[in-house]
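Visitor: Pasting in a structure now, in C-alpha cells, and then I'll have a few things to ask.
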Amino acid sequence: MRKRLHKWRLISIFAILALALSGCGEPFLSTLTPAGEVAKKQYDLMILSTVIMVLVIIVVTVIFIYVIARFRRTKKNENSIPRQVEGNHKLEIIWTVIPILLLLVLAVPTVSYTFQLADVSPMKQKDKDGKTKDALVVNVRANLYWWEFEYPDLGIITSQDLFVPTDKKVYFNVKSSDVKHSFWIPAVGGKTDTNPEGENQFWLEFDSKGSEKVQNQFYGKCAELCGPSHAYMDFKVQTLSQDDFNQWTQDMKNLKKPAAVGDLAKEGEEIYNKSCIGCHANTANDARPEKARTAPNLANFGDRTRIAGILEHNEENLRKWLQDPEKVKPGNLMTGKYQKLDDHELDALTAYLMGLKLEQ
Amino acid sequence: MENLRPNSANPKADLNYRRKKNAEEMRYQVVSFALMIFLTLIAFAVVHFEGFSHWFVAPFIMLLAVVQVIFQLYYFMHMSHKGHETPQLFLFSGLSVALITVLTFVTITWI
Amino acid sequence: MASVQEKFTEMTWPSSPEKATLEAKNKFLGFWFFLGGETVLFGSLFATYLALKDKVPDSSHPLAKDLYSMDLTFAATMLLLTSSLTSVYAMYHMKNFNFQRMQAWLLITVLLGAAFLGLEIYEFNHYVHEGHKFTSSAFGSAFYSLVGFHGGHVAFGLLWILSLMVRNAKRGLDLYNAPKFYVASLYWHFIDVVWVFIFTVVYLMGMVG
Amino acid sequence: MSTYAHKKGFGATIWDYLTTVDHKKIGILYLMAGGFFFLVGGLEALFIRVQLAVPNNDFVSAGLYNEILTMHGTTMIFLAAMPLIFAFMNAAVPLQIGARDVAFPFLNSLGFWLFFFGGVFLNCSWFLGGAPDAGWTSYASLTMEAHTHGVDFYILGLQISGIGTLIGGINFLVTIVNMRAPGMTYMRMPLFTWSSFVTSALILFAFPALTVGLFLLMFDRLFGANFFDVAAGGNTIIWEHLFWIFGHPEVYILILPAFGIFSEIFATFSRKRLFGYSSMVFATVLIGFLGFMVWAHHMFTVGMGPIANAIFAVATMAIAVPTGIKIFNWLFTMWGGNIKFTTPMLYAVAFIPSFVAGGVTGIMNAVAAADYQYHDSYFVVAHFHYVIVGGVVLALLAGTHYYWPKMFGTLLNETLGKITFWLFLIGFHLTFFIQHFLGLMGMPRRVFTYLPNQGWETGNLISSIGAFFMGIAVIILLINVVMTQVKNVRVGNDPWGDGRSLEWAIPSPPPFYNFKQLPLVRGLDPFWIEKMEGKTEMTPAEPLGDIHMPNPSFLPVTISFGLFVAAFGALYHVDGKDWALPVLFVGMGITLISMLLRSVKDDHGFHIHKEDFENEDKGGRA
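In order, the protein sequence lines correspond to chains E, U, H and S. Its first residue numbered 0, the first sequence is counted upward by one per residue in numbering that gives the first Met the number 0. Its first residue numbered 0, the second sequence is counted upward by one per residue in numbering that gives the first Met the number 0. Its first residue numbered 0, the third sequence is counted upward by one per residue in numbering that gives the first Met the number 0. Its first residue numbered 0, the fourth sequence is counted upward by one per residue in numbering that gives the first Met the number 0.
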C-alpha cells in the first residue's frame, strides 16, 4: 500500500515535470506568456497566489504523509484503543491565524490590482468635439459569432481583426447586440463580458516585445457560452507600432468605395450589390446606426488572416464558407440570408471579396 | 412557560387564571394594532403632504414599515413568547439574505 | 404528550394547544422555517421590482408615479391590517376553547381578505387599461409578479382558512386541528407583513418618485 | 432489499416502495434514483470527453454538444449529487440522533417523488425535440434566444424538483431540532448530522432565489413577460444574480454533507474521537453563513465595478479559513490514531489532497484581478471538478461503501471497492489536473471543439483518457453492488467494528421503527461510550411502550405526477396546441385533488403495541 502510494506520487511528479517541459502554451494565446501590462499584472498575481498555495499544500502534504505512514493499523496494534483527544486550542489557533495572515498578504494586491485594472478615467476626458483627449478608444460589439471594432474618434469600423498600436494603453467599450459574450485576449489580458444591457469599460496594453515574438498577431476568444458556434467565435489582434498604426488609420480613412479589378471581380461586385450589401458594408466608415450593421464590415476583407474567424484565409475556404456557412459555423446568422450561389457566382464573389484590400 | 405550568388542584381557578392572562394578552394585541394603524396613517400622510423631499420620505416611511413589522412579528405572531428562539434565528437569517439581495439589486444590476 | 384524538373540555384544553403534541411542535417549527424561506422568496421579488422599477421601452408607457393612487392603496392596507387583528381574535378564542367564536372571527378575516383581493383585482384591471400590462414592459412584469405573488398568497390563505373552517365545522377543536388553525393564522400575519413592505416600497415610494 | 420485503413478492415490494413514508426506504429510493441519474450524467461526461479528445472532432454536432454539456451539469448537480446526499441524510440522520422517524414522513416521501418526476421531466427533453442547451447556469440572454423547448424543460423540471428539495430541507431541519433522543444535545450530534442541518438551512434560504429566477424565466418564455428583454427595459444580470445567490450556497449544500461523511469515516477508522469537534461545528456553520456573502465571485467579469469585485474577492478568501480548520482537524483526527484502510477510509484519505488542490485554486479564483484570466476558461472547469468530484463524489462513493451495510444489511466487496477507488482516483486526477493548464493556455470552457495548433491537443487527449478510467471504476462498482446483492451475506449491528454513533447500535438494516426504546445519550459518540464500558447496546431512556408510526400513502406519487403532467401542458401551451391547456388542467387537477384528499382525510397513523414486541422479539409489523 505504502509502496503503491509512493509510486503514484512519483508518477504525478513526472506528469508535472512533463508539463513544465512542454512549455506554457502558445505565446499568441497563453496567459502564461503575458505580452502586456494587464496580463503581466495578472500573471504576477497568479504567481503570488500559487506560491502561497504551494506553501499550504506542502504543509498539508507533509503532515498527511507522516500521518498515513505512521499511524496505520497493523497486526500488532490491532486491538489497541488510541487516546481520545478532544482537541488542542493552541494548534487550532495556529491554523486559524496563519491562513488569515496568508490571505491578507494575498488580499492587499488583489484589491489594489482590481482597482488599477478598472481605471479608465482617461476615457472620460473629452475635448470640445466630444472626442477622447489622449486615449485610443475602441468600441467592441459582440454579435452572434462575429466581432465589430469601431474607433469612434477616428471614424473607422473593422470586423474580426482588431488593429491596435503597441506600448500604449488602449481603452475599450464593450457590449453585445444579442446574447452575452465575453471579450478575451488571453496573452494580453483578462476578459470582460459584453452585456446586452450596457457597456463595460476596461483597458489593455499590447507590448512590442511580446508582439514581435508572435509576428504581431494575438488570438482573441469569446469566453461565454453563446450558442452552437461559441467555440468558433474567434478574432485576431494585429499589433502595429504607433507609426504603422497612424498610417493604417490614414489608409482606412482614405479607403473609398472599392473598385473591382477584372471582369470576374466586376461580376462579383454585382452579386455583392444584389445579395450582400443589405447587411455587409464594404467601406470602413459605415455611417449606418449600429442596429443596421448586422454583419461584419468587409472593407479590408482581403487583408484578413481568417475566413469567418476560423478558416485559413484562401479562396478555397472562402468558397466553402459562401457555399454553405452552416457547415462551417453552425447556427450563424448568414445562412439562408441569400440565394444559393452556383459555381461561377462563387468564383466571381470570391474574386471580388479577395480584392477588398487596403493597398488599392 | 405557561405550557409547563402543571394544572393546579383547583381546575376552575387555573382556568380563570388562564382566561385572565389570555384576555390581558389580547389587550396588548389591540394596543399594538392601534399603533400599527397609527404608523400607517403617518406614512400615508407624509407621502400625501408632498412637501418633504424624496430623501427624507423614503427612509422615513421605511423606518415606519420596519417598526410596524416588528409589532406584527412580536405581538401578532407571538415571537416575543418563549420557545421562539429557533423561529427567530431562521426568520432573521432569511431576512438578511433578502436584504443582501435587495441591496445588490439596487446597486450592481445595472451596468 | 396528549393524544390527538382526545376529546377536550374548557378545563382540560391545554394553554398552548399549538405546541401540545410532537406533531404540533413539528408543524409549528416547520412552518416558521417555511416562512424564513418565503422571506427570501419575497426578498428576491422585491429586489427584482426595485431593479426594474420604471424601466419601460419608451415614454408612452406609464411610470410608477403616474399610476398608483393613494385612496385605493390606503383602503387595501386598512382591510388587510384589520384582517390581521381579527385573526388574532380568532386565535384568542381558540386558546379559550371557544370554537364558535373562533369560527366567527375567522369568517370576518376571510371576508376582509376577500375584499382586499377584490380591490386588487379592480386595481390591476384599471392599470391594464392605462397601458401598464404584465407583457408591456419590464416594469409591468416586475410589478405584477411581486404584487401578484402576494395576491396569490392572499387567495391561497383564504382557501386554506375556509377549508379548515368547513372541514372542522362539525367536530370542534381538538389537538389535531388546533395547530392547523394556528399555522394558518401565522401565514395570514406573514401575508400582512409582506403587504406592509409592498405598500411602503411599491406604492408610497412609487408615489414619491 | 430487506428480508422483510422479500417475503412479500415483487409487486407488493414495488407498491411498498411507492407508498412508503419510512425514511430508510426513502433513502434507498434516493440512492437508486440518484445513482441512475449519476450514470446518465457520467455517460454525458464521457461523450463530452470523446468529442474533445482530438481537435475538430465531429463525434457530436455543435448543437448536440451544448445539450450534452448542459444536461451533464444539470443532471450531476440537481439529479445526482443532491439526491445522493439526501439518500445518506435519510439513511443516517434520524438514526444518528436516535429518532424513530423524521418529523414529516409524508413530506419526506413527497420531496422524493417531486425530485424524481422533475428529473424524469427534464430528461424527457431528449426525446421531445432536444434538451436544454444554455449551460446549467442558463444565462438569461442565451435562454431567451433558444428556439427549442429545451430550456422550458429545464425551467419546469427544476422548478418541480426544486420544490421537492426545499420540502426535504425543511423536514430535516425540524427533525434535527425536535426529534433528538434524550441526552442528544446539539453539541453531541455527529458531524454528519450537523452538516445535514446546516445544509438544510442553506437549502431553505438558497432555493427560493432559484424558484424566483426560474419563475421569471418561465414568465418571459411562456407568458410574454419582459424581465430579461433588454428592449422592453429588462435586465439579464438579474438572472445571473438570482442564479448565483442560489448557486453558490448550492455548492456548499453539496460539500458540507460530504465533509460530514468524511468526518464520520475519519473518526471511525482512526478509532479516535473527531479532533476539535466544537471547532468543526463552528467551521461548518461559518462556511454556511459565508456561503451567502460570496456569490458574485462567479460574476467578476460581468462589470460590477472594482468596489463590488474587491468586496466579494475578500469575502471569498475568508471561506478558506474555516475550510482550512477542517482540513487540519481531519489530519489531527488521524494523528495518533489506529488507522484501518478500508475502502471508505481510502476515499477519505484521498479526499484530503484532492480537495486541498481544489480549495487552493478556489482561492486563486477569488483573486478578482487574476480571475479575469481564469473565468470561463478550463481552469475554472478544473477547479470546480476538483472540489465537486474530489470532494462531493469521493464522499458519495465513500458513503456508499460506508453506509451500505446499514442500508442493505450486506457489506460491499472490499477488494472490488479498492479497485474502484484506485481507478477512480487516478482517472480523476488524469482528467482534471491537466485542465488547469489548458485553461491557462487560453482554452475557454463550453467549447464543442477546438482548432488544431493552439497548444491544446495533448492536454485534451490526456484528459479524455482519464475520463474513461473513471467510467471503468463506476462499472466495477456496479458489478460489486450486483455481486453483493446476489451473495447476500448478512452483517450485524456494527459491521465495521469501530462504529461510534447511534446508527451502529441497532440492526442492519434497522427495523422500521428504528429504536424499540429510545436510547439514552451520554455524550459525543454515544455508542462508543457504551462500548468502552463493555456494553453491546445502548441504555434505553424509556420503558418499553407503544410506538406511534405513520401510515404509508400513495398520495406523494399522485401529487408529483400531477405536476409532471401539468408541466407538459404549460410547455406546449406556447405552441398553441389544442390539447395543451386541458393537459395543464388535468395535471393540476390530479395534484390539487390529491392535496385535498390529504388535508381532509385524517391520518393519525397506527401504533405498534408493546405486547407485540414481547410476543415476537424480532419486531415485525403488528
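Glycine included, C-beta positions come from ideal geometry on N, C-alpha and C.
Can you pull the chain U neighbours of Val176/S, defined as C-beta to C-beta under 9 Å?
Guide: For the purposes of this step, residue 176/S is taken as residue 177 along the fourth sequence, with counting starting at 1. Near Val176/S (Cβ distances below 9 Å), the residues of chain U are Thr85.
Visitor: Does Asn172/E come within less than 8 Å of chain U when only Cβ atoms are used?
Guide: Walking along the first sequence from the start, residue 172/E turns up at place 173. Under the Cβ criterion of 8 Å, Asn172/E is not counted among the residues facing chain U.
Visitor: Spatial neighbours of Trp14/S within its chain, please: CB distance less than 6 Å, with the 5 preceding and 5 following residues excluded, ordered by chain position.
Guide: Taking the fourth sequence and counting its residues from 1, one reaches residue 14/S at position 15. There are no such residues.
Visitor: Is Tyr218/E helix, strand or coil by DSSP?
Guide: Position 219 of the first sequence, counting from 1, holds the residue named residue 218/E. Looking at Tyr218/E - three-state DSSP - the assignment turns out to be strand.
Visitor: Just the chain H side, please: which residues come within less than 9 Å of Phe32/U by C-beta, in chain order?
Guide: Within the second sequence, residue 32/U is the residue found at index 33, counting from 1. Those are Leu80, Thr81, Ser83, Leu84 and Val87, listed as they occur along chain H.
Visitor: Under the rule that 16 or more other beta-carbon atoms within 10 Å means buried, what is Lys179/E, buried or exposed?
Guide: Start at 1 with the first residue of the first sequence, and residue 179/E comes out as number 180. With 16 or more Cβ atoms within 10 Å of its Cβ, Lys179/E is classed as buried.
Visitor: Could you pull out every residue in the same chain whose Cβ sits closer than 8 Å to the Cβ of Asp602/S, ignoring the five residues on either side in sequence?
Guide: Within the fourth sequence, numbered from 1, the residue matching residue 602/S stands at position 603. Answer for Asp602/S: Phe105, Pro549, Asn550 and Ser552, listed in chain order.
Visitor: For Asn296/E versus Ala286/E, is the C-beta spacing smaller than 8 Å?
Guide: Residue mapping note: residue 296/E aligns to position 297 of the first sequence, counting from 1. Residue mapping note: residue 286/E aligns to position 287 of the first sequence, counting from 1. Contact: no.
Visitor: To the nearest angstrom, report how far apart Gln124/E and Asp133/E are at their CA atoms.
Guide: For the purposes of this step, residue 124/E is taken as the residue at position 125 of the first sequence. For the purposes of this step, residue 133/E is taken as the residue at position 134 of the first sequence. Spanning the two alpha carbons is a distance of roughly 8 Å.
Visitor: Between the alpha carbons of Pro13/H and Ala367/S, how many angstroms are there, rounded?
Guide: Locating residue 13/H in the third sequence gives position 14, where the first residue counts as 1. Locating residue 367/S in the fourth sequence gives position 368, where the first residue counts as 1. C-alpha separation (whole angstroms): 59 Å.
Visitor: Rounded to whole angstroms, what is the Cα-Cα separation between Phe111/S and Asp370/S?
Guide: Indexing the fourth sequence from 1 puts residue 111/S at position 112. Indexing the fourth sequence from 1 puts residue 370/S at position 371. Their backbone Cα atoms lie some 38 Å apart in a straight line.
Visitor: Could you name each continuous beta strand (DSSP E) segment of 3 residues or more that falls completely within the stretch 138-170 of chain E, going from the start of the chain to the end?
Guide: Correct list: 145-150, 155-158 and 160-164.
Visitor: Strictly under 8 Å for the Cβ-Cβ distance: is Gly36/H near chain S by that measure?
Guide: For the purposes of this step, residue 36/H is taken as the residue at position 37 of the third sequence. Interface residue, yes.
Visitor: Is there a Cβ from chain S that is less than 8 Å from the Cβ of Met391/E?
Guide: Shown here, chain E extends from 0 to 359; a query on residue 391/E therefore has no answer.
Visitor: Going by alpha carbons, who is nearest to Ile110/U out of Gln200/E, Gln159/E and Phe148/E?
Guide: Numbered from 1 along the second sequence, position 111 holds the residue referred to as residue 110/U. Residue Gln200/E is the option with its Cα nearest to Ile110/U.
Visitor: Within the same chain, show all residues whose beta-carbon is closer than 7 Å to that of Gly336/S, passing over the 5 residues directly before and after it, in chain order.
Guide: In the fourth sequence, residue 336/S corresponds to position 337, counting from 1. Excluding sequence neighbours, Gly336/S sits near Ser269, Arg270 and Lys271.
Visitor: Can you list, in chain order, the residues of its chain with a C-beta nearer than 7 Å to that of Met0/E? Leave out the 5 residues immediately preceding and following it.
Guide: Locating residue 0/E in the first sequence gives position 1, counting from the first residue. Any reading at Met0/E needs caution, since the residue's pLDDT is 48, under 50, leaving its predicted position unreliable; the model's value is listed next. Cβ within range, chain order: n/a, list empty.
Visitor: What are the boundary residues of the alpha helix (DSSP H) that Trp661/S is part of?
Guide: This structure cannot speak to residue 661/S, because chain S is shown only from 0 to 621.
Visitor: Out of Phe196/S, Phe9/S, Leu51/S and Val49/S, state which residue places its alpha-carbon closest to the alpha-carbon of Phe89/U.
Guide: On the second sequence, position 90 is the one that residue 89/U refers to. Comparing Cα positions, the closest option is Phe196/S.
Visitor: DSSP beta-bridge partners for Asp192/E?
Guide: Walking along the first sequence from the start, residue 192/E turns up at place 193. For Asp192/E, which the question treats as bridged, DSSP gives the partners Ser181/E.
Visitor: At least one CB of chain E closer than 8 Å to the CB of Ile107/U: is that the case?
Guide: For the purposes of this step, residue 107/U is taken as residue 108 along the second sequence, with counting starting at 1. No - not a single Cβ of chain E is within 8 Å of the one on Ile107/U.
Visitor: To be precise: take each residue of the stretch 191-203 of chain H, compare its Cβ to all Cβ atoms of chain U, and keep it if any distance is under 7 Å. Which residues remain?
Guide: Asp191, Val192, Val195, Phe196, Thr199 and Leu203
Visitor: With a threshold of 8 Å between beta carbons, is Met353/E in contact with chain S?
Guide: Here residue 353/E refers to the residue found at position 354 of the first sequence. With 8 Å as the cut-off, Met353/E does not count as an interface residue toward chain S.
Visitor: Please name the residues in the stretch 194-215 of chain S whose beta-carbon is closer than 9 Å to at least one beta-carbon of chain U, in chain order.
Guide: Ala200, Leu203, Phe204, Ala205, Pro207 and Ala208
Visitor: Under three-state DSSP, which class holds Arg17/U?
Guide: The residue you call residue 17/U lines up with position 18 of the second sequence. In the structure shown, Arg17/U sits in a helix (DSSP, three-state: H, G or I).
Visitor: The stretch 184-197 of chain E: which residues have C-beta closer than 8 Å to a C-beta of chain U, in chain order?
Guide: Taking 8 Å as the upper bound on Cβ-Cβ separation, chain U lies near residues Asn194, Glu196 and Gly197 of the stretch 184-197 of chain E.
Visitor: Helix, strand or coil, according to DSSP, for Ser507/S in the structure here?
Guide: For the purposes of this step, residue 507/S is taken as residue 508 along the fourth sequence, with counting starting at 1. DSSP places Ser507/S in coil when its eight states are reduced to three.
Visitor: Which residues of chain H have a Cβ atom closer than 8 Å to the Cβ of Ile60/U, listed in chain order?
Guide: Position 61 of the second sequence holds residue 60/U. Per Cβ cutoff of 8 Å: Thr199, Leu203 and Met204.
Visitor: Nearest CA to the CA of Leu255/S: which residue from Val473/S, Thr192/S and Ala317/S?
Guide: Residue numbering aside, residue 255/S sits at position 256 when the fourth sequence is read from its first letter. Nearest option by C-alpha distance: Thr192/S.
Visitor: Can you tell which of His296/S, Asn412/S, Leu580/S and Ile326/S has the C-alpha that lies nearest to the C-alpha of Pro98/E?
Guide: By 1-based counting over the first sequence, the position of residue 98/E is 99. Nearest of His296/S, Asn412/S, Leu580/S and Ile326/S to Pro98/E, Cα basis: Ile326/S.
Visitor: Assuming Val137/E contacts Phe182/E (C-beta within less than 8 Å), just tell me the rounded distance between them.
Guide: Here residue 137/E refers to the residue found at position 138 of the first sequence. Here residue 182/E refers to the residue found at position 183 of the first sequence. Wrong, their Cβ atoms sit about 10 Å apart, outside the cutoff.
Visitor: Would you say Thr103/U lies against chain E (beta-carbon separation less than 8 Å)?
Guide: Residue mapping note: residue 103/U aligns to position 104 of the second sequence, counting from 1. For Thr103/U, the answer is no, since every Cβ of chain E falls outside 8 Å of its Cβ.
Visitor: To which residues does DSSP link Leu239/E through a beta bridge?
Guide: Taking the first residue of the first sequence as 1, we reach residue 239/E at position 240. Leu239/E is bridged to Pro164/E.
Visitor: Taking the alpha carbon of Leu215/S as the reference point, which residue from Phe204/S, Leu203/S, Asp228/S and Ala205/S has its own alpha carbon closest?
Guide: Translated into the one-based positions of the fourth sequence, residue 215/S becomes position 216. Minimum Cα distance to Leu215/S is reached at Asp228/S.
Visitor: Compare the C-beta of Ile464/S with all C-beta atoms of chain E and state if any pair is closer than 8 Å.
Guide: Within the fourth sequence, the letter at position 465 stands for residue 464/S. No, no contact with chain E.
Visitor: Val207/H CB to nearest chain U CB: under 8 Å?
Guide: The count along the third sequence starts at 1 and reaches residue 207/H at position 208. It does: the Cβ of Val207/H has a partner Cβ on chain U nearer than 8 Å.
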